[in-house]
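Q:
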């Protein structure tokens, strides 16, 4: 499979490269669970709304491509949610939770549980979560 790496029609040095991971029309060719080494459960419980931020600590072990991309995305902003990282990486949330859990184990990122109205660390019910989303949207408008 070939992917154009440099511009619309391959302008620039080394514009065409072979890669088994990407296809210009199909996107990611590799199965998502391979990004997490086949693991389906994170070592640390993370909510989709957990805020993740980079600590500045560099992992002492070599990181895979998806770990590196997740860490870069977390470094680019003061704090991002697990859902945002999943959307940016175009990976299922469960896979991203495993990746972020690994990065937490290396000390490269930290996560903060979401805060909901009423002071709980998790949504007591769907109505509470929906109210929090509605309040956030109203503040932005």
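Numbering (my numbering), first residue to last: 117 to 257. All residues carry an ideal CB built from backbone N, CA and C; glycine is no exception.
1) Whole beta strand (DSSP E) runs in the segment 181-233 with 3 or more residues, listed along the chain?
2) Starting from residue 170, trace the beta strand (DSSP E) both ways and give me its first and last residue.
3) Whose C-beta lies closer than 8 Å to the C-beta of residue 217 among residues of the same chain, with five residues either side of it excluded?
4) Does the segment 242-251 come close enough to the segment 193-203 to have 3 or more Cβ pairs within less than 8 Å?
5) On a Cα-Cα basis, can you pick out the residue from 255, 227, 164, 256 that is closest to residue 209?
6) Please identify the residue among 183, 191, 193, 231 whose C-alpha is closest to the C-alpha of residue 213.
7) Thinking just about the alpha-carbon of each residue, which of 185, 186, 222, 205 is nearest to the one in residue 177?
8) Below 8 Å CB to CB, which residues in the same chain sit around residue 173 once its five sequence neighbours on both sides are set aside?
9) Roughly how many angstroms lie between the CA atoms of residue 168 and residue 228, to the nearest whole one?
10) What is the rounded straight-line gap between the Cα of residue 220 and the Cα of residue 246?
11) With 16 as the cutoff for other CB atoms within 10 Å, does residue 193 come out buried or exposed?
A: Considering the structure as presented:
1) 225-228
2) 167-170
3) 158, 159, 160, 162
4) no
5) 164
6) 183
7) 222
8) 222, 223, 224
9) 6 Å
10) 28 Å
11) exposed
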